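For reference, the structure discussed in these notes is given below.
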Amino acid sequence: GTCDQDQFYVTVTYGSQGNSFNTLVGQRELTSDLADAYHYHDNGTHFTLQVPYAAEDTAFEVFDTASIRARLNLLLWDAKNHWMLNDFYLTCYFPLTTTRCHSNGTISALAVKVESVPNLNPNWLTLRDQSCKPVSSNKRFADFTFAADSCGTTRTFFGNYMLYENEIGLYHGGEKRVAHASPVEPDYRQTISCYYLVNDTKTLSFDAKPRKYEPKAEIGSGHMIVQMRLASDSSYNHFYEAEDYPVHQYLRQPLYFEVELMQSADSHLELILETCWANLEEDRTSLPSWDIIVNG
Numbered sequence: 001g002t003c004d005q006d007q008f009y010v011t012v013t014y015g016s017q018g019n020s021f022n023t024l025v026g027q028r029e030l031t032s033d034l035a036d037a038y039h040y041h042d043n044g045t046h047f048t049l050q051v052p053y054a055a056e057d058t059a060f061e062v063f064d065t066a067s068i069r070a071r072l073n074l075l076l077w078d079a080k081n082h083w084m085l086n087d088f089y090l091t092c093y094f095p096l097t098t099t100r101c102h103s104n105g106t107i108s109a110l111a112v113k114v115e116s117v118p119n120l121n122p123n124w125l126t127l128r129d130q131s132c133k134p135v136s137s138n139k140r141f142a143d144f145t146f147a148a149d150s151c152g153t154t155r156t157f158f159g160n161y162m163l164y165e166n167e168i169g170l171y172h173g174g175e176k177r178v179a180h181a182s183p184v185e186p187d188y189r190q191t192i193s194c195y196y197l198v199n200d201t202k203t204l205s206f207d208a209k210p211r212k213y214e215p216k217a218e219i220g221s222g223h224m225i226v227q228m229r230l231a232s233d234s235s236y237n238h239f240y241e242a243e244d245y246p247v248h249q250y251l252r253q254p255l256y257f258e259v260e261l262m263q264s265a266d267s268h269l270e271l272i273l274e275t276c277w278a279n280l281e282e283d284r285t286s287l288p289s290w291d292i293i294v295n296g
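In terms of the UniProt record's numbering, the sequence shown is residues 1 to 296.
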């Protein structure tokens, strides 16, 4: 057999007995449904299987931060005579990243159930802080995501680096940071390490191409409906009505005007008052006049 980045490829050549035997893949018999799942193909002289390394019928032997060693067991069984025809296995390393150190200070870690701890439930695993449990888990994996300054993570400085470390394990309820070790089964402990540069300088380059045409605002003219109201004070909560006019104010006493653009469907339109004055007559060019806003 052979392997690629994701799967086992197995070829079994028939002997004098032909294909009159049963096949066990891992602990399960190769049924028609399982054969379909593993792309079983029989050409008369041999059969082939394609089994993903993370399939239920494989065994995980050992792993590190970048790979996992998985094993596929096959057993050929003569059900009529009740004897074993052949028993063989295929072991391969597959790429698997179990720790990811993100630039925003978040750490992701993947715990893997190996065959040396057959009774382990990955959902029982926690970080040093036992309140930090997996964000997701199944029968074989547990996924953790946590901030570098949480869940009991330690920080160590050396040179221009910071080392953040935590540990995935089984813990007694009353003993903090003490991994559970059964006298029957070995304990489960997985160290998580992330290195960050304390100071770092990066150089970036870019090319800027001049635009052929500079953006310009479209100039137009038209009539707009504007309403001006006089408020009684700076809160602008109460305004003088038509029957209140004329309003008598002392000289140099401030006036509080509100100017509103009416009946505009353009939400991006802004009203800016540059010059505003008051006249005695409706003719805005009449005299005398009094400046209200100048170069606003």
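For each residue, glycine too, the CB sits at the ideal point set by N, CA and C. Here the structure is a predicted model, which is why all the values come from computation and not from measurement.
Measuring only the C-alpha atoms, how far is residue i from residue j?
| i | j | result |
| --- | --- | --- |
| aspartate 4 | serine 136 | 27 angstroms |
| tyrosine 9 | leucine 90 | 9 angstroms |
| asparagine 279 | arginine 229 | 15 angstroms |
| cysteine 92 | glutamine 7 | 9 angstroms |
| threonine 97 | proline 215 | 49 angstroms |
| valine 178 | glutamate 56 | The pLDDT assigned to valine 178 is 45, lower than 50, so where the model puts this residue is not dependable, and the model offers no usable value. |
| glycine 222 | threonine 285 | 20 angstroms |
| aspartate 149 | valine 198 | 15 angstroms |
| tyrosine 236 | glutamine 227 | 15 angstroms |
| phenylalanine 158 | threonine 13 | 57 angstroms |
| valine 294 | arginine 252 | 16 angstroms |
| methionine 84 | threonine 2 | 23 angstroms |
| lysine 176 | serine 131 | With a pLDDT of 45 at lysine 176, under the threshold of 50, the modelled position of this residue cannot be trusted; read the value that follows with caution. Answer to the nearest angstrom: the Cα atoms are 11 angstroms apart. |
| aspartate 42 | arginine 28 | 19 angstroms |
| threonine 275 | proline 210 | 38 angstroms |
| leucine 204 | phenylalanine 94 | 35 angstroms |
| alanine 181 | proline 118 | Unreliable positioning characterises alanine 181 in this predicted model, as indicated by a pLDDT of 47, which lies under 50. The coordinate reading is nonetheless provided below. Answer to the nearest angstrom: the Cα atoms are 14 angstroms apart. |
| alanine 231 | phenylalanine 146 | 56 angstroms |
| isoleucine 68 | aspartate 207 | 43 angstroms |
| serine 234 | tyrosine 250 | 16 angstroms |
| asparagine 19 | threonine 11 | 13 angstroms |
| histidine 46 | tyrosine 40 | 11 angstroms |
Do residue j and residue i come within 8 angstroms of each other at the CB atom, strictly closer than that value?
| i | j | result |
| --- | --- | --- |
| aspartate 291 | tryptophan 277 | yes |
| leucine 30 | leucine 75 | no |
| leucine 125 | glycine 152 | no |
| residue 346 | glutamine 190 | With the chain covering 1 to 296 only, the question about residue 346 has no answer from this structure. |
| residue 299 | leucine 261 | In this structure the chain extends from 1 to 296, so residue 299 is not present and cannot be described. |
| phenylalanine 144 | alanine 109 | yes |
| threonine 58 | serine 193 | no |
| valine 259 | leucine 271 | yes |
| phenylalanine 21 | aspartate 78 | yes |
| tyrosine 196 | tyrosine 161 | yes |
| tyrosine 240 | valine 247 | yes |
| asparagine 123 | proline 134 | yes |
| asparagine 73 | glycine 15 | no |
What does DSSP give as the partner residue(s) for residue i in the beta ladder?
| i | result |
| --- | --- |
| tyrosine 164 | Arg155 and Cys194 |
| glycine 15 | Gly18 |
| proline 52 | Gln7 |
| valine 25 | Arg28 and Leu74 |
| isoleucine 293 | Cys276 |
| histidine 223 | Looking at the DSSP assignment, histidine 223 forms no beta bridge with any residue, so it has no partner. |
| aspartate 233 | In the DSSP output, where bridge partners are listed per residue, aspartate 233 has none listed. |
| phenylalanine 257 | Leu230 |
Let me check you understand the geometry: is the CB of residue i closer than 7 angstroms to at least one non-hydrogen atom of the ligand SAM?
| i | result |
| --- | --- |
| arginine 128 | You won't find the ligand SAM in this model; it holds no ligand whatsoever. |
| Touching by the beta-carbon criterion (3+ pairs, under 8 angstroms), the region 48–56 and the region 104–120 | no
| Ordered list of beta strand (DSSP E) runs contained in the region 93–152, each at least 3 residues | Listed in chain order, the complete beta strand (DSSP E) runs (minimum 3 residues) inside the region 93–152 are 99–101, 106–112 and 141–147.
| Using 8 angstroms as the Cβ pair cut-off and three pairs as the minimum, do the region 59–75 and the region 31–43 touch? | no
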